[in-house]
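A quick write-up on the structure given underneath.
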Amino acid sequence: MSELTLFYDGACPLCVHEISHLRRLDRHRRIRFEDIHAADFSERWPDVDPADASAILLGYYRGERLRGLDVTHRAWSLVGRGWLTAPLRWPLIKPLADLVYRWFAPRRYLLSGWLTGRQRCAPCDSGQCRIDDDAPPRA
3 MSELTLFYDG ACPLCVHEIS HLRRLDRHRR IRFEDIHAAD FSERWPDVDP
53 ADASAILLGY YRGERLRGLD VTHRAWSLVG RGWLTAPLRW PLIKPLADLV
103 YRWFAPRRYL LSGWLTGRQR CAPCDSGQCR IDDDAPPRA
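This is the structure:
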């Protein structure tokens, strides 16, 4: 059973890239990835508002609701790379990191366009955007 359920924006190329990377590293399947744009998302997760989950990264860790960079740090910690995100949670850096994240989140499509050349995942234009959550992680 997964320790963290991470709700991600499957229409965002930057988000999908990070989730794909996390999935490859999650060899013990400690994270459950849920695309907030999945057709049956609201049926499976009636207590999670997709608009709220789109505004700021959302997750559940052992029943506790996490938001923003707390989700990011927990996810990377579960795949053994928490040292990369730990500084974002240090007391002196956390307020600034959270401020930058709150600036980034609503602009992620625009920034994705600048960084990847795509503002949205191409398959999302046809409503077919998805990461194969059933695929086993790569070794």
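Quick note on the numbering used here: the sequence shown kicks off at 3 and runs consecutively.
Ideal placement from N, C-alpha and C gives every residue a C-beta, glycine not left out.
(1) On a CA-only basis, which of 62, 107, 123, 114 is nearest residue 5? Give me that one, please.
(2) Comparing alpha-carbon positions, which option in 32, 3, 16 lies nearest residue 77?
(3) What residues match up with residue 34 in a beta bridge as DSSP calls it?
(4) Going by beta carbon distance, what residues of the same chain come within less than 6 Å of residue 15, once the five residues before and after it are set aside?
(5) Tell me whether residue 13 is buried or exposed, calling it buried when 16 or more other Cβ atoms sit within 10 Å of its Cβ.
Taking the geometry as given:
(1) Counted from its first residue, the sequence shown places residue 5 at position 3. When only C-alpha atoms are compared, the closest one is 62.
(2) Position 75 of the sequence shown, counted from the first residue, corresponds to residue 77. Of the listed residues, the one whose Cα sits closest to residue 77 is 32.
(3) Within the sequence shown, the letter at position 32 stands for residue 34. Paired residues: 7.
(4) On the sequence shown, residue 15 is found 13 positions in, with the first residue counted as 1. These residues qualify, in order along the chain: 114, 118, 120, 123.
(5) Locating residue 13 in the sequence shown gives position 11, counting from the first residue. Under this definition residue 13 is a buried residue.
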